[in-house]
Amino acid sequence: MSAETSVPRPRESDVDISDSALFKGMLSEAEFAFAFFDGDGRVQRVNDVFSDVVNVPADRMLGRQPVEVLAADLSQIITHAVQAVIESDAPVTEGRVRVRSAEGDTRHWSLSFSPVHDDAGELRAIALIGLDVTESRQTEEALRRSEERYRSLVEAQSQLVWITSPTGAVVEDAPQWRAITGQGLEEYLANGWLEVVHPEERQHTEEAWREALRGRTMFEWNYRVRTRASGYRHFEVRAVPIIRHGRVVEWVGANTDVTPQREAEEMRGRLTDQLGAAALRTARLQGATAMLAEALTVEQVVQVIIDVGRTALAADRSAVALLDTDRAALKLINGEGVPEASGVSGEEIPLSSSSVMTMAVNSRRPVFAESPESLKAQLLEAGGEEEILANYLFHSDEKAWVGLPLLAAGRALGALRFSFTRPQKISQEDGVFLEALAGQCALAVERATLFEREHRTAETLQRSLLPDRLPVVKGLVLAQRFRSGSRHVQVGGDWYDAFVLQDGRVAAVVGDVMGKGVKAAAGMGRIRNAMRALALTNPPPAAVLTGLDRVFEATEEEEQVTTLAYMVVEPVTGEGTLALAGHPPPVLVSPQGTAILCDAEPGTPLGWPTSRRQFRFVVPPGHTAVLYSDGLVENRKRGLDAGLAEVCSVVTEAPPEVVSSPHMLLDFLVDRMLSGYEQDDDVTALAIHVPPATKSD
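FYI, the numbering for the sequence shown is 15 to 711, going by the working numbering.
Below you can see the structure in the form of structure tokens.
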């Protein structure tokens, strides 16, 4: 019998990785990542989990070094670990490694490497076993963060802990409390904590504390505490009863200094108010700027300023005055904004006089007077007469004033005046807003002044291109109306003309050269002159339009569109001929006030290849024919068909005396057709009226 008593080492069978069905099944079903490497570090076998982890197909890895197929960081870890096992013939654990999955997620794996021996104890392979520890890693990380937060929270707390008896009497010292309040021990123990509570809050605090003692409920309160430096700090207090066997044995409380939080809240409140006020001022300035941008005339600008003064500033009165440099005076645009009691009479304020607006213009700086005393002091300093000022202030209901100069590129244009019937505090932010508002108003006034001047110039130019007067012909009455569009300052292309032909008949035409500016005006001049020349040599309308087509092709650009209505009419009888070149049809108005649209073929604009036609068009005695441009019947909100129907309807509403007078009829038509619409085009109308026959005729 052998004397050997040691436990024999379990017998290891020869490892056959490629032929073991059992081992193969274990690899495929395991939730762990497996890989085997030979003595040279080449991959011999891997399972699907390992293949998924490294995101490389298994057949691509077999027989290769990790560095050949795996990511650099992972291959380096595996290579070093495999080499360490080969050299030491002992297991190696490679802590945790991070691997990015095919879906882009980062997973944490714990890798261990073990030697695999055959029966003879020779190293046959190195086995890698990988375990997904992502969830445990996340749990550990969450726990670590939680511990850090808790530790930081505890360290950040500046609580003062105190203890009282069941009846609320202080029984233990609180050195931190006494360090803050400067109390002695005896003073503190003698209910001294209540003595340092702010007097306004002391009674309510004591009552709340007594109520908690009686009800054995949690005590939660806020109060201000007088500190050693005689200032006050805000504290939050919370105390709970310690109950044993149904009895309160003591109270434990903690005071927390929340002064920084209170100050931060107050600061946030002030900032919120300031930001809200700034946002409101910005919105008001943007709104005023938008309205001023749409105002074209000085009158419209003044109305916007009055509205802004009433809504954005809550001003009781608003006034605008423009500077007349020749007269060295301010001319009031809306006098009702300056009471007569202010010493200003009439529509002019001499710059030599002392007032809010003259002071703003002369100094080129805003004038803010928050009270009558402030206004009086400023005006006296500016050279005002005390008696006049005293009389004005005695009779006026105004209590605060704002004067703003209107400056454009440093040049004074005028001034604004806002007044209030109550004292008005004007902050620095309000001053900045008012100066910005004045800047926008100055730009609007300058733009409106320029617009009105250019509009008058353009309208004068356009009218100069039209006939000075219409011919006076027996048996025929002619009338015209031209109204320039209000939304532009450029000369337009609408025109009309009427002249007597050699045979005594009268030629009448209304045309429209599309577009604005010098180009349209030049085209209008060329077409009008060619029209007259052709009509005087070969007056039939069809022949004239054919000749105009040739002129148009020779002188005008292809994209230019020009339309016209041309008729030749016999005085007394009203017999006539009409031709249209893409123009709206004439309207024939009867003495009874009915209107009929001519059904002649509209034709095409000038320059378009077409065979021109002319039609018989009779204006019987007592009737009136009206030629017009499309600005009368068409705009952005009303289509051409609707406009043609409306013009006939408007005629039926005209009184008899209007129908019988071509001048009154045109006024009636233009006013009624434009009523309720924003005029965005020139309006041209020409009336041909044949008076009714009389016995003398």
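Quick reminder that beta carbons are idealized off the backbone N, C-alpha and C, glycines included. Small disclaimer: the values here were computed from a predicted structure and weren't measured.
- The continuous beta strand (DSSP E) containing residue 269 extends over residues 261 to 271.
- DSSP, reduced to helix, strand and coil, places residue 688 within a helical segment of the structure shown.
- Note on residue 260: under 16 other CB atoms within 10 angstroms of its CB, so exposed under the neighbour-count rule.
- In the DSSP assignment, residue 95 falls within the unbroken alpha helix (DSSP H) covering 86 to 102.
- In the structure shown, the three-state DSSP call for residue 509 is strand.
- The Cβ atoms of residue 252 and residue 273 lie no closer than 7 angstroms to each other.
- With distances taken between CA atoms, residue 103 lies nearest to 53 out of 703, 53, 586 and 660.
- Here the C-alpha atom of residue 62 lies approximately 7 angstroms from the C-alpha atom of residue 72.
- Restricting attention to alpha helix (DSSP H) runs no shorter than 4 residues, the segment 392 to 434 encloses them at 400 to 409, ordered along the chain.
- When only Cα atoms are considered, residue 367 and residue 428 end up about 15 angstroms apart.
- The beta carbon of residue 596 lies closer than 7 angstroms to those of 577, 616, 617, 618 and 619 in the same chain, with the five residues before and after it left out.
- Separation of residue 114 and residue 46 (C-alpha to C-alpha, rounded to the nearest whole angstrom) is 17 angstroms.
- With contacts defined by Cβ atoms closer than 7 angstroms, residue 654 and residue 648 form a contacting pair.
- Taking each of 194, 605 and 179 in turn and checking the Cα distance to residue 257, the smallest one comes out for 179.
- Remark: C-beta atoms of residue 374 and residue 437 do not approach each other more closely than 7 angstroms.
- In the three-state reduction of the DSSP assignment, residue 677 falls in the helix class.
- Note: residue 314 is not bridge-paired with any residue in the DSSP secondary-structure output.
- One alpha carbon belongs to residue 363, the other to residue 370, and they sit about 11 angstroms apart.
- If you draw a straight line from the Cα of residue 554 to the Cα of residue 345, it is about 58 angstroms long.
- Annotation for residue 591: the continuous beta strand (DSSP E) segment containing it runs 590 to 595.
- In this structure residue 372 is buried. Its beta-carbon is surrounded by 16 or more other beta-carbon atoms within 10 angstroms.
- Boundaries of the alpha helix (DSSP H) harbouring residue 561: 555 to 569, taken from the DSSP string.
- At a Cβ-Cβ threshold of 7 angstroms, residue 601 and residue 611 count as neighbours.
- Ranking 416, 693, 386 and 415 by CA distance to the CA of residue 404 puts 386 first.
- Distances from the alpha-carbon of residue 270 to those of 191, 215 and 254 put 191 closest.
- Straight-line spacing of the CA atoms in residue 199 and residue 148 works out to 57 angstroms.
- Inter-residue distance for residue 201 and residue 184 is about 11 angstroms (C-alpha atoms, whole angstroms).
- Looking from the CA of residue 338, the closest CA among 412, 317, 112 and 425 belongs to 425.
- In the displayed model, residue 232 falls within coil according to three-state DSSP, outside both helix and strand.
- Taking the CA atoms as reference points, residue 327 sits about 21 angstroms from residue 308.
- For residue 657, the uninterrupted alpha helix (DSSP H) segment begins and ends at 654 to 666.
- Within the segment 332 to 385, the beta strand (DSSP E) runs of at least 3 residues that lie entirely inside it are, in chain order, 343 to 346, 362 to 364 and 381 to 383.
- In this structure, 249 is the residue among 249, 651 and 400 with its C-alpha nearest to the C-alpha of residue 219.
- Sequence-distant Cβ neighbours of residue 262 in its own chain, meaning closer than 8 angstroms and more than five residues away, are 180, 230, 255 and 256.
- Using a C-beta cut-off of 8 angstroms, the segment 478 to 495 makes contact with the segment 695 to 702, since at least three inter-stretch Cβ pairs fall below that distance.
- Following the DSSP letters along the chain, one finds residue 603 inside the beta strand (DSSP E) bounded by residues 601 to 603.
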